Amino acid sequence: MARRTIVLSLMLGLLAAANAVPFDFYYLILMWPGAYCESSDSGCCVPKYGYPAEDFFVKIFQTFDLSINKPVVKCRNGAAFDQNKVIINSQISLKLKPCYFALSPHMMHAYGRSMGHQLDKIENSINHYWSNLKCPPTDGVNTWKSEWNSYGVCSGLKQLDYFKAALNLRKQADILGALAEQGIEPDYKLYNTEKIKWAITQKLGVAPGLQCRDGPFGKKQLYEVYLCVDTDGVTFIECPKLPAGLSCPASVVFHPFYTWMLNSTAAAAAGGRAAFDSKILLAAETMLN
Numbered sequence: 000m001a002r003r004t005i006v007l008s009l010m011l012g013l014l015a016a017a018n019a020v021p022f023d024f025y026y027l028i029l030m031w032p033g034a035y036c037e038s039s040d041s042g043c044c045v046p047k048y049g050y051p052a053e054d055f056f057v058k059i060f061q062t063f064d065l066s067i068n069k070p071v072v073k074c075r076n077g078a079a080f081d082q083n084k085v086i087i088n089s090q091i092s093l094k095l096k097p098c099y100f101a102l103s104p105h106m107m108h109a110y111g112r113s114m115g116h117q118l119d120k121i122e123n124s125i126n127h128y129w130s131n132l133k134c135p136p137t138d139g140v141n142t143w144k145s146e147w148n149s150y151g152v153c154s155g156l157k158q159l160d161y162f163k164a165a166l167n168l169r170k171q172a173d174i175l176g177a178l179a180e181q182g183i184e185p186d187y188k189l190y191n192t193e194k195i196k197w198a199i200t201q202k203l204g205v206a207p208g209l210q211c212r213d214g215p216f217g218k219k220q221l222y223e224v225y226l227c228v229d230t231d232g233v234t235f236i237e238c239p240k241l242p243a244g245l246s247c248p249a250s251v252v253f254h255p256f257y258t259w260m261l262n263s264t265a266a267a268a269a270g271g272r273a274a275f276d277s278k279i280l281l282a283a284e285t286m287l288n
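Residue 46 in numbering that gives the first Met the number 0 sits at position 47 of the sequence shown; the count goes up by one each step and never skips.
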């Protein structure tokens with residue numbers, strides 16, 4: 000009996016190994032929404048679920064394989080996306096297993112409250128820090144679905160754990176706080192790119208990659224921060240490789256982002272952006288000159 004148990008355990012271990020998708024590390028790509036909105040021709044809109052945080056967003060949590068020098072994508076052994084695992088249903092009981100109803104009333108209440116708290120926590124975080132600001136407004140589900148179907152299914156993590164890992168890493172990195180500690184604020188001033196990298200390295204102990212894009216007045220602006228994460232989904236590591244296309248000049252603009260920049264509808268986007276530009280034009284020119 001013991002021998003059969005050992006053999007069965009070995010077979011299950013081999014099966015799990017066969018289904019595991021090899022990758023070397025994650026790219027955690029954090030986006031600064033101020034740069035995105037400033038350079039978006041269609042403007043930015045308030046998502047259907049409400050206002051996002053005035054902070055760096057998670058853009059991508061990507062599995063990467065050095066042997067092929069490409070992201071590992073769309074693995075077939077992952078579960079299908081289930082939006083109920085990131086969006087709260089008003090009837091929490093619909094998410095509970097049948098055995099839940101066999102519990103005592105006190106235990107039912109405690110279990111339901113615990114599960115509701117877990118779902119509430121992930122929903123609040125994903126709405127605030129993994130937002131889609133495109134116009135017309137969206138509910139974000141397609142964004143999260145795309146990320147899960149592209150990379151989450153290859154991570155070896157359960158869906159909820161995949162999103163929680165990315166959001167926890169974003170919180171741990173606290174890029175906005177790391178920059179503020181070194182006097183780098185989103186205020187239209189020009190900042191030394193190496194100082195930005197140094198500020199993040201001081202906080203995390205690993206060097207980031209930076210991506211910039213066209214900004215106001217012919218300047219480049221800080222757009223994305225690339226961080227590398229071990230396969231455990233918890234530990235920041237030095238990047239084994241950064242994308243060849245990453246590019247920033249010696250000095251860049253750190254564009255402000257405030258939720259009042261966002262429009263409630265796509266129709267208001269053009270007018271809203273024009274109004275915003277007229278309010279800040281003089282101040283921005285003064286800071287950049």
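Don't be surprised by glycine CBs; every beta carbon is placed ideally from N, CA and C.
The model shown is predicted, which means the values in this text are computed figures rather than measured ones.
Report task. Please report the Cβ distance between T258 and Y50, rounded to the nearest whole angstrom; I am assuming they are in contact, meaning their Cβ atoms lie under 8 Å. Result -> 5 Å between Cβ atoms; contact.
Query raised in the report: Of all the CB atoms in chain D, is at least one closer than 8 Å to the CB of I59?
Result: The structure shown has no chain D; it contains just one protein chain.
Query - Among Q201, H127, A206 and P215, nearest to E37 - alpha-carbon criterion - result: Shortest Cα-Cα distance from E37 to any of Q201, H127, A206 and P215 involves P215.
Report task. Indicate whether L166 and V57 have their beta-carbon atoms separated by less than 8 Å. Result -> yes
Requested in this report: State the DSSP-derived secondary structure class of P70, mapped to helix, strand or coil.
Outcome: Taken through DSSP and simplified to helix, strand or coil, P70 comes out as strand.
Report task. Would you tell me roughly how many angstroms separate the C-alpha atoms of W129 and F55, rounded to the nearest one? Result -> 9 Å
**Report entry** Where the alpha helix (DSSP H) containing D160 begins and where it ends
**Finding:** Q158 to A172
Query raised in the report: Looking at the unbroken beta strand (DSSP E) that takes in K224, where does it start and where does it end?
Result: Reading off the sequence shown, one finds Val at residue 224, where the question assumed Lys. For V224, the uninterrupted beta strand (DSSP E) segment begins and ends at K219 to V228.
Query raised in the report: So, are the CB atoms of T230 and F24 less than 8 Å apart?
Result: yes
Report task. Measure the alpha-carbon distance for V6 versus V233 and round it to whole angstroms. Result -> With a pLDDT of 41 at V6, under the threshold of 50, the modelled position of this residue cannot be trusted; read the value that follows with caution. Distance between the alpha carbons of V6 and V233 is about 33 Å.
Query raised in the report: According to DSSP, what are the bridge partners of Q82?
Result: BP columns for Q82 are empty, so no partner.
Report task. Determine the DSSP secondary structure at K133, reduced to helix, strand or coil. Result -> coil
Query raised in the report: To which residues of the same chain is G33 closer than 7 Å at the C-beta, ignoring the five residues directly before and after it?
Result: P185, H254, P255 and F256
**Report entry** Contact the segment 194-212 vs the segment 236-249: 3+ CB pairs below 8 Å
**Finding:** yes
Query raised in the report: Does the separation of the CB atoms of K163 and I121 fall below 8 Å?
Result: In this structure, K163 lies near I121, with their beta-carbon atoms less than 8 Å apart.
Query raised in the report: Quick one: Cα of V71 to Cα of Y150, how far?
Result: 7 Å
Query raised in the report: Terminal residues of the continuous alpha helix (DSSP H) containing G33?
Result: P32 to S38
Report task. Flag this pair as yes or no: are the beta carbons of L261 and R169 separated by less than 8 Å? Result -> no
Query raised in the report: In three-state DSSP terms, what is C43?
Result: coil
Query raised in the report: Roughly how many angstroms lie between the CA atoms of E180 and N131, to the nearest whole one?
Result: 28 Å
Query raised in the report: Would Y225 pass as a contact of Q210 if the rule is Cβ separation under 8 Å?
Result: yes
**Report entry** For V152 and C74, believed in contact at Cβ under 8 Å, the rounded distance
**Finding:** 5 Å
Query raised in the report: V233: beta carbon under 7 Å from a heavy atom of the ligand COA?
Result: For the ligand COA, the structure offers nothing, since it holds no ligand at all.
Query raised in the report: Is it buried or exposed for N126, if we count other Cβ within 10 angstroms and need 16 for buried?
Result: buried
Requested in this report: Could you tell me how far apart the beta carbons of V251 and Q201 are, in whole angstroms, since I believe they sit closer than 8 Å?
Outcome: With 8 Å as the limit, V251 and Q201 do not qualify as a contact, their Cβ atoms being about 18 Å apart.
Requested in this report: Name the residue from L27, L175, K84 and P242 whose alpha carbon lies nearest to the alpha carbon of K144.
Outcome: K84
Query raised in the report: Going along the chain, which residues of its own chain have a beta-carbon closer than 6 Å to the beta-carbon of T142, five neighbours each way excluded?
Result: Residues N131 of the same chain have their beta carbon placed closer than 6 Å to that of T142, with the five preceding and five following residues left out of the count.
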